[in-house]
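According to the working numbering, the sequence shown is numbered sequentially starting from 141. Backbone N, C-alpha and C define an ideal beta-carbon position, used for all residues, glycine too. Keep in mind it's a predicted model, so treat the numbers as computed, not measured.
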Amino acid sequence: MRQSGSPRTFRVKSFGCQMNVYDGERIGELLADKGLSAAPEGEDADLVVLNTCHIREKAAEKVYSDIGRLMKAGGDTPPMIAVAGCVAQAEGEEIMARAPGVGIVVGPQAYHRLPDMIERATQGQRATDTDMPADAKFAALPARRKVGPSAFLTVQEGCDKFCTYCVVPYTRGAEISRPFADLVSEAERLVESGAREITLLGQNVNAWEGEDARGRRVGLDGLIRDLAKLPDLQRIRYTTSHPNDVTDGLIAAHGEIEKLMPYLHLPVQSGSDRVLKAMNRSHTAESYLKLLDRFRAARPDIALSGDFIVGFPGETEEEFTQTLMLVDAVGYAQAYSFMYSPRPGTPAAAMDGHVPRDMMEDRLQRLQAALGRHSLAFNRASVGRTCDVLVERKGKKPGQWLGKSPWLQSVYFEGEAAIGDMVRTDLIEAGPNSLAGRLAEFAHA
Ligand code: 5AD
Ligand code: SF4
Numbered sequence: 141m142r143q144s145g146s147p148r149t150f151r152v153k154s155f156g157c158q159m160n161v162y163d164g165e166r167i168g169e170l171l172a173d174k175g176l177s178a179a180p181e182g183e184d185a186d187l188v189v190l191n192t193c194h195i196r197e198k199a200a201e202k203v204y205s206d207i208g209r210l211m212k213a214g215g216d217t218p219p220m221i222a223v224a225g226c227v228a229q230a231e232g233e234e235i236m237a238r239a240p241g242v243g244i245v246v247g248p249q250a251y252h253r254l255p256d257m258i259e260r261a262t263q264g265q266r267a268t269d270t271d272m273p274a275d276a277k278f279a280a281l282p283a284r285r286k287v288g289p290s291a292f293l294t295v296q297e298g299c300d301k302f303c304t305y306c307v308v309p310y311t312r313g314a315e316i317s318r319p320f321a322d323l324v325s326e327a328e329r330l331v332e333s334g335a336r337e338i339t340l341l342g343q344n345v346n347a348w349e350g351e352d353a354r355g356r357r358v359g360l361d362g363l364i365r366d367l368a369k370l371p372d373l374q375r376i377r378y379t380t381s382h383p384n385d386v387t388d389g390l391i392a393a394h395g396e397i398e399k400l401m402p403y404l405h406l407p408v409q410s411g412s413d414r415v416l417k418a419m420n421r422s423h424t425a426e427s428y429l430k431l432l433d434r435f436r437a438a439r440p441d442i443a444l445s446g447d448f449i450v451g452f453p454g455e456t457e458e459e460f461t462q463t464l465m466l467v468d469a470v471g472y473a474q475a476y477s478f479m480y481s482p483r484p485g486t487p488a489a490a491m492d493g494h495v496p497r498d499m500m501e502d503r504l505q506r507l508q509a510a511l512g513r514h515s516l517a518f519n520r521a522s523v524g525r526t527c528d529v530l531v532e533r534k535g536k537k538p539g540q541w542l543g544k545s546p547w548l549q550s551v552y553f554e555g556e557a558a559i560g561d562m563v564r565t566d567l568i569e570a571g572p573n574s575l576a577g578r579l580a581e582f583a584h585a
């Protein structure tokens with residue numbers, strides 16, 4: 141049962157993108173730094189932080205059902221509830237009005253101020269903070285703690301692209317790049333704490349720019365080049381990229397930096413130029429394909445991933461077919477696909493020609509069938525390869541381990557290993573979502 145007064149235990153529940161996962165980890169570290177402890181699995185927490193996602197309606201609605209559930213389960217002593225993340229940013233006032241059980245509403249750029257807000261909420265004052273001070277939060281957060289073998293590092297936040305369907309420019313604010321020196325020192329701390337792989341995160345991660353240690357302006361490839369010098373860091377990834385911010389340097393980096401993994405997540409959203417224009421994507425299907433050709437020329441085995449929206453307002457059957465054609469032309473290793481969801485305040489929400497739900501469902505199913513075929517084909521083509529697998533956790537069966545290939549495939553294998561090991565593995569069998577591996581003969585030589 142929850143104690144009255146200051147919360148002593150907490151739980152952070154993150155929804156949505158990897159940047160929210162990163163923020164959730166940092167919120168946890170901040171609370172631990174202030175003397176709270178993580179509630180043991182299965183036990184009630186005094187403070188629950190819901191780190192929310194606003195990208196689609198379904199994701200945003202989850203927060204209200206979660207609040208209801210927490211209040212009900214808590215009975216006479218419900219937990220202190222803090223709503224963080226993008227729903228907090230976009231609908232802070234509405235949450236406070238709709239959910240009296242919520243004590244704290246804190247936006248994604250203000251969560252470093254949570255300790256103060258918790259104190260106010262403990263005194264019975266509900267607290268809201270949705271300020272967007274550029275980059276203030278990172279300086280105010282405690283240093284990184286123990287992490288797993290694969291860690292996230294947010295290097296860039298926000299978006300200036302204003303795709304007409306998207307809330308991100310409103311919830312996460314304008315594009316900002318964290319300073320080079322801060323990122324190098326955070327990466328060093330992550331590696332000291334056990335990370336062997338770092339994924340650089342940003343809504344438009346390849347828009348990152350900064351000044352390196354010698355005072356030169358550099359882009360993301362410059363940052364990657366420097367991070368690759370950390371001896372115990374073995375792998376570098378980055379996500380999510382925008383086609384417009386791809387530079388020659390970034391493409392070249394894929395051919396030159398061994399630690400940069402052969403994987404690229406480059407959302408395209410649609411294969412129809414008319415739809416892309418209405419989405420304000422500022423690339424065409426052809427310019428996107430040409431860009432991918434250049435990545436492939438630099439790194440022929442690169443695994444490609446993308447995001448898709450079906451049923452954008454006005455999308456015709458023919459335009460949707462163009463998306464299927466693009467999917468076949470690319471041969472994605474993996475992808476994310478969604479039905480269009482109108483978001484309040486975005487230009488697309490006010491456009492004509494909203495596509496009926498059953499039509500969107502049908503298109504999504506056809507798209508996902510095509511994407512699934514390509515994932516399976518990509519995984520099957522990997523069978524017979526021998527590669528390094530970074531062991532991330534134990535598998536479900538005794539003696540089984542789960543890790544990632546360079547191409548971000550999940551690989552299961554049995555044998556002697558430990559979390560954080562990099563093991564040579566023969567890929568022997570493929571499914572749509574994972575591969576079976578066998579420790580390579582010379583692994584223990
Ligand atoms: N409806 C559906 N999908 C969306 N995305 C962003 N906004 C919407 C929306 N309103 C998808 C895009 C983006 C991914 C993160 O979420 O594909 O790349
Ligand atoms: Fe949203 Fe477009 Fe920015 Fe991506 S690039 S975060 S889809 S506005």
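DSSP puts R238 in a beta bridge; with which residues? According to DSSP, which records beta bridges pairwise, R238 is partnered with nothing at all.
Any contact of the segment 437-453 with the segment 401-414, i.e. 3+ C-beta pairs under 8 Å? Yes, they touch.
Please indicate yes or no: does the CB of N344 lie closer than 7 Å to some heavy atom of the ligand SF4? At a threshold of 7 Å, N344 counts as near the ligand SF4, since its beta carbon sits closer than that to one of the ligand's heavy atoms.
Looking at the ligand SF4, does it come within less than 7 Å of F478, judged from the CB to the closest heavy atom? No, the ligand SF4 has no heavy atom inside 7 Å of this Cβ.
Enumerate, from N- to C-terminal direction, the unbroken beta strand (DSSP E) stretches of 3 or more residues contained entirely within the segment 507-556. Within the segment 507-556, the complete beta strand (DSSP E) runs of at least 3 residues are 526-534, 540-544, 550-554.
Do you know how far the Cα of A237 is from the Cα of L190? Each residue's Cα considered, the two are about 17 Å apart.
Can you tell me whether S177 is buried or exposed? The criterion is at least 16 other CB atoms within 10 Å of its CB, across all chains shown. So S177 counts as exposed.
By Cβ distance, which residues of its chain are closer than 6 Å to Y378, with the 5 residues on each side in sequence left out? Beyond the five residues adjoining it in sequence on each side, Y378 comes within less than 6 Å, by CB distance, of L340, V345 in the same chain, given in chain order.
Excluding the 5 residues preceding and the 5 following L210 in the sequence, name in chain order all residues of the same chain whose CB lies nearer than 8 Å to its CB. Cβ within range, chain order: V188, P218, P219, I221, G241.
8 Å CB neighbourhood of Y251 in its chain, flanking five on each side removed: Once the five neighbours on either side are set aside, the close Cβ partners of Y251 are D163, R166, I167, L170, A224, K277.
Taking C-alpha atoms, which residue in P319, E328, K369 lies nearest to D352? In terms of CA proximity to D352, P319 leads the group P319, E328, K369.
Kindly give me the distance between the Cβ atoms of G395 and R439, rounded to whole angstroms, as I take these residues to be in contact under 8 Å. About 5 Å; that satisfies the 8 Å criterion.
Through-space distance from Y476 to L281, alpha-carbon basis: Rounded to the nearest whole angstrom, the CA to CA distance from L281 to Y476 is 32 Å.
Since D269 is in the beta strand (DSSP E), which residue starts that stretch and which ends it? DSSP places D269 inside the beta strand (DSSP E), whose first and last residues are 267-269.
Just to confirm the assignment, what range does the alpha helix (DSSP H) spanning A437 have? Where A437 is concerned, the enclosing alpha helix (DSSP H) stretches over 425-438.
Mind checking Q263: buried by the 16 CB within 10 Å criterion, or exposed? With fewer than 16 other CB atoms across the displayed protein chains lying within 10 angstroms of its CB, Q263 is exposed.
Just list the beta strand (DSSP E) runs in the segment 309-386, keeping only unbroken ones of 3 residues or longer that don't cross its boundaries, in chain order. The beta strand (DSSP E) runs of length 3 or more contained entirely in the segment 309-386 are, from start to end of the chain, 337-341, 349-351, 357-359, 375-379.
In angstroms, rounded to a whole number, what distance separates the CA positions of I391 and H405? Between the alpha carbons of I391 and H405 lies a distance of about 13 Å.
Would you say C226 touches the ligand SF4, meaning its beta carbon is less than 7 Å from a heavy atom? No, since every heavy atom of the ligand SF4 falls outside the 7 Å radius drawn around the Cβ of C226.
For the alpha helix (DSSP H) containing K636, list its first residue and its last residue. Not covered by the structure: residue 636. The range shown for the chain is 141 to 585.
First through last residue of the beta strand (DSSP E) which encompasses K153: K153: member of the beta strand (DSSP E) spanning 149-154, first to last residue.
By how many angstroms is the C-alpha of V523 removed from the C-alpha of L400? Approximately 22 Å, taken between the alpha carbons.
Using a Cβ-Cβ cutoff of less than 8 Å, which residues in the same chain neighbour L429 once the five nearest sequence positions on both sides are dropped? Around L429: L466, A469, V470.
Residue burial classification, P546 (beta-carbon count within 10 angstroms, cutoff 16): With at least 16 other beta carbons inside 10 angstroms of its own, P546 counts as buried.
Is H252 helix, strand or coil by DSSP? It is helical.
Let me confirm a value: A267 is counted as buried when at least 16 other C-beta atoms fall within 10 Å, else exposed. Which label applies? By the 10 Å Cβ count, A267 comes out buried.
Let me know if S422 comes out buried or exposed under the rule of 16 or more other beta-carbons within 10 Å of its beta-carbon. Taking a 10 Å sphere around the C-beta of S422, we find fewer than 16 other C-beta atoms and assign the residue as exposed.
Any heavy atom of the ligand 5AD inside 7 Å of the beta-carbon of Y305? Distances between the C-beta of Y305 and the heavy atoms of the ligand 5AD include at least one below 7 Å.
With a 10 Å radius around its C-beta and 16 neighbouring C-beta atoms as the bar for buried, classify D385 as buried or exposed. Under this definition D385 is a buried residue.
Just reading off the beta strand (DSSP E) that Q474 is part of, what are its end residues? In the DSSP assignment, Q474 falls within the unbroken beta strand (DSSP E) covering 474-479.
Taking DSSP as the reference, what is the three-state secondary structure of E569? In the structure shown, E569 sits in a strand (DSSP, three-state: E or B).
Report the partner residues of M220 according to the DSSP bridge assignment. Partner(s): L187.
Please state whether DSSP places Q263 in a helix, a strand or coil. In this structure, Q263 counts as coil in the three-state DSSP scheme.
Is the segment 509-520 touching the segment 366-376, taking contact as three or more C-beta pairs under 8 Å? With the rule of 3 Cβ pairs closer than 8 Å, the segment 509-520 does not count as touching the segment 366-376.
Could you give the first and the last residue of the continuous alpha helix (DSSP H) run that contains R285? For R285, there is no enclosing alpha helix (DSSP H), as DSSP gives it neither H nor E.
From this set, F460, C226, I258, which residue's C-alpha is nearest A200's C-alpha? Of the candidates F460, C226, I258, the one whose C-alpha sits nearest the C-alpha of A200 is C226.
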